[in-house]
Amino acid sequence: MRSAWGSRFGRQEGSVTAEFAAVLPGVLVVLGCCLGAVQVVGQQVRMTDAAADAARSLARGDDAERAAGLVHRSVGGVGFATERRGEFVCANLSAPAAFAPFAAFGLTVAAGSCALAGGS
Numbered sequence: 133m134r135s136a137w138g139s140r141f142g143r144q145e146g147s148v149t150a151e152f153a154a155v156l157p158g159v160l161v162v163l164g165c166c167l168g169a170v171q172v173v174g175q176q177v178r179m180t181d182a183a184a185d186a187a188r189s190l191a192r193g194d195d196a197e198r199a200a201g202l203v204h205r206s207v208g209g210v211g212f213a214t215e216r217r218g219e220f221v222c223a224n225l226s227a228p229a230a231f232a233p234f235a236a237f238g239l240t241v242a243a244g245s246c247a248l249a250g251g252s
């Protein structure tokens with residue numbers, strides 16, 4: 133004799149597996165994008181710190197090569213530019229996003245910092 137539970141719920145076991153298989157790729161894509169965003173935010177923080185270090189170095193009178201060396205020790209593969217804004221000296225950094233799929237879409241991370249130039 134068949135039970136009422138077996139005939140009623142036995143046919144739904146396959147649909148649960150199919151729904152899980154359909155939803156899992158979307159969940160993994162969203163999770164991957166979230167983890168990539170965290171990686172890019174970390175890159176932004178490191179670049180901001182490196183720009184501040186470079187600006188302070190330039191404000192003390194160090195040359196641009198020394199400031200660039202500080203930047204490249206902290207964050208590799210970034211573009212480095214300096215500029216003077218009145219009494220301030222500024223360091224600007226830019227780099228493609230550290231997370232490859234974001235970089236493929238052209239996301240660029242930029243950071244800048246200025247410091248009061250001393251003695252000039």
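With this note's numbering as the guide, the letters of the sequence shown map in order to residues 133 to 252. In this text, a Cβ means the ideal position worked out from N, Cα and C, and glycines have one as well.
- The C-beta separation of Val241 from Ala229 comes to about 6 Å, placing the pair in contact by the 8 Å criterion.
- DSSP places Glu197 in no beta strand (DSSP E) but in the uninterrupted alpha helix (DSSP H) bounded by 196-206.
- If you check the CB distance, Leu225 and Val210 come in under 8 Å.
- In the three-state DSSP reduction, Val159 falls in the helix class (H, G or I).
- Across the set Leu239, Ala235, Phe231, Asp194, the C-alpha of Asp194 shows the shortest separation from the C-alpha of Ala223.
- Taken atom to atom, the span from the alpha-carbon of Ser206 to that of Asp185 is near 10 Å.
- Boundaries of the alpha helix (DSSP H) harbouring Phe234: 232-236, taken from the DSSP string.
- The three-state reading of DSSP puts Val170 in helix, counting H, G and I together.
- Of all alpha-carbon atoms in Phe237, Ala187, Val203, the one lying nearest the alpha-carbon of Glu215 is that of Ala187.
- Under the three-state reduction of DSSP, Leu190 is assigned to helix.
- Taking the C-beta atoms as reference points, Glu219 is found nearer than 8 Å to Ala249.
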